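Note that my numbering has the sequence shown beginning at 12, numbered continuously upward.
Cβ coordinates follow ideal geometry from the N, Cα and C atoms, glycine included.
Given the structure is predicted, the values throughout are model-derived calculations rather than measurements.
Below is one structure, written out as structure tokens; comments come after it.
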Amino acid sequence: MDEMIYGIHAVKALLEKEPHRLLEIFLQKDRHDRRLRSLISEIEAEGLQVQMAKRQWLDNQVNHEVHQGIVAKIRQGRQYQENDLLQLVEKLLADEKDPLLLILDGVTDPHNLGACLRSADAAGVHAVIVPKDHSAPLNATAKKVASGAAETVPLIVVTNLARTLRLLKEHNIWIVGTAGDAEQNLYQWKIQKSMALVMGSEGQGMRRLTREHCDELISIPLAGSVSSLNVSVATGVCLFEITRQRNLMAGAV
């Protein structure tokens with residue numbers, strides 16, 4: 012099955028990691044910026060052909076999202092499922108690495124999914140887990156916002172999130188959920204070496220069953236008048252506090 016991606020970072024990431032998946036590449040006729048021309052040179056160096064297209068045609072291909080003058084038709088990538096999660100966790104533990112996983116429960120906006128993937132990549136997350144239902148698809152919009160992270164961070168789709176959380180617990184991975192009413196905040200909390208961070212939706216937060224499977228809950232302290240953060244912003248805040256604490260732990264060893 013074929014799909015479309017768009018945007019300079021998304022196309023560049025696929026070109027660098029899986030160029031065989033690129034089928035057709037379309038360039039906006041009147042675009043001449045340096046970053047785009049540099050990317051086209053890399054594409055042509057791989058022996059791939061670029062077709063010129065009008066802006067209106069490109070706009071229609073991506074539902075009028077911002078495509079930065081480049082759209083590509085690609086072969087669908089690998090779809091990660093629950094069995095892949097088990098294999099990944101066992102490999103990480105066997106390699107004596109401390110798994111860091113991100114779980115998104117109820118994030119239904121592709122823009123937020125893409126932004127969370129981008130933060131996950133930057134923070135060194137080994138995989139992102141989402142439920143099959145109540146989750147945004149990894150579509151062209153999510154991949155564009157992810158700026159290449161969709162090609163580097165496995166997105167694992169599970170049919171039963173509660174069962175997945177139990178599986179992680181069986182492998183001694185600590186489950187930390189985020190909730191506005193949690194008694195301890197992000198900066199009071201001490202991280203575990205092997206852990207999964209759970210982020211809920213902006214409106215409802217984590218679902219009840221997901222919350223019940225968490226080992227502990229934390230909140231993000233807010234000093235202003237707003238009652239919550241955008242889920243992608245909150246995810247970045249939490250992940251980089253985890254990264255900070257991990258770096259401190261590594262320096263203390």
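CA-to-CA, the gap between E227 and M15 works out to about 40 Å. Per the C-alpha coordinates, the member of F37, V168 and D95 positioned closest to Q72 is F37. V136 counts as buried, since no fewer than 16 other beta carbons sit within 10 angstroms of its beta carbon. For I16, the uninterrupted beta strand (DSSP E) segment begins and ends at D13 to Y17. Your pair I85 and L50 does not check out as a contact, with CB atoms roughly 15 Å apart and the cut at 8 Å. Nearest in C-alpha terms to L128, of all of L250, Q256 and R257, is L250. Between S243 and E76, the alpha-carbon positions lie close to 19 Å from each other. DSSP places N183 in the coil class of the three-state scheme, outside both helix and strand.
For the stretch 105-173, the full-length alpha helix (DSSP H) segments reaching 4 residues or more read 121-134 and 151-157 along the chain. As far as DSSP is concerned, Q90 takes part in no beta bridge.
With a cutoff of 9 Å on beta-carbon distance, L178 and L96 are scored as near each other. Here DSSP, grouped into helix, strand and coil, assigns M206 to strand. The beta carbons of S146 and V100 sit no closer together than 9 Å. Straight-line spacing of the CA atoms in G247 and L208 works out to 11 Å.
Looking at the backbone, the Cα of S158 and that of M217 are separated by about 26 Å.
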